[in-house]
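**Student:** Sharing a structure below in structure tokens format, with a few things to ask.
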Amino acid sequence: MKKIAIMFVLATALGTVQAQNEPVVGLWEKIAVSDSNSKLVARTNYIFANRKLTEETVFTAFQNSDPLVTICCVKVKNLKPLELKDVLEKYRMDEEFVSHMKSVTGAPFLYEAVPVDKKEWNPLMATIMSSDKNADDLVPYNAPAIAARLGKEDEKLGKLELGPTKAKLKMTYPKKNNKAIYQFTINGKNIVLSEETFPHD
């Protein structure tokens, strides 16, 4: 019995270490908050993550899953997770923002994100960020993301390769509802995230 117990503890510990070494996955939310008159209040960038971050982390997002089109990159510097209720209260004037943020599932940890230095952007990232120059451009952008730095040369990927980690991403948009479902498969384990789509998606 003691031997079995020790083996169980060891297996649990090894499983925990393996999980910690696997890349964090989540969602990048780039949303322009507006008031009831459709006037810009704030431009926000958030990462919803499936696990708590323990160090400053760079995320690459994806526009499509076949082939993978990368968006490089955003970074989480502040490792203290945000309370979703506090964010929703701060921007309660934007009902669409509140509804969308509340719809996210599978990624319980919320962090403030910032774009990496412009020199590191790939062309798609530059296009997405260019909307910030126009105060009248309130179009939101959201995408699944993974804790990895995939640079300009990787804008289109045939498959997701992260060293020894085997990773896949599948995106589906069920017709019966206004949801987007993102299934990451990391070393054979599925991680499913979902969110409401915006009206224009």
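Under mature numbering (1 follows the signal peptide of the UniProt record, and there is no 0), the letters of the sequence shown match residues -19 to -1, 1 to 182, in that order. Using N, Cα and C, we set each Cβ at its ideal position, and we do this for glycine too. Fair warning: this is a prediction, and the values are worked out from it, not measured in the lab.
Among all the DSSP beta bridges, which residues are the ones paired with S15?
**Tutor:** Paired residue(s): L21.
**Student:** Quick check on the burial criterion: 16 or more other C-beta atoms within 10 angstroms. Buried or exposed for D75?
**Tutor:** Buried, by the Cβ-count rule.
**Student:** Tell me the rounded alpha-carbon separation between T178 and N2.
**Tutor:** So the two alpha carbons sit approximately 31 Å from each other.
**Student:** Could you spell out the range, first to last residue, of the alpha helix (DSSP H) harbouring S80?
**Tutor:** 76 to 84 is the span of the alpha helix (DSSP H), which, as asked, contains S80.
**Student:** Spatial neighbours of P121 within its chain, please: CB distance less than 6 Å, with the 5 preceding and 5 following residues excluded, ordered by chain position.
**Tutor:** The answer, listed in chain order, is I12, F179.
**Student:** Who are the near neighbours of A94 in its chain, counting only those whose CB is closer than 8 Å to its CB and skipping five residues on each side?
**Tutor:** W9, N26, Y27, I28, F40, V55, K56, V57.
**Student:** So does the segment 57 to 66 actually touch the segment 81 to 92, counting three or more Cβ pairs closer than 8 Å?
**Tutor:** Contact holds: three or more Cβ-Cβ distances are below 8 Å.
**Student:** In the DSSP assignment, find the unbroken alpha helix (DSSP H) run with V68 in it and report its ends.
**Tutor:** From DSSP, the alpha helix (DSSP H) with V68 extends over 65 to 71.
**Student:** Is DSSP giving L143 helix, strand or coil here?
**Tutor:** Strand at L143.
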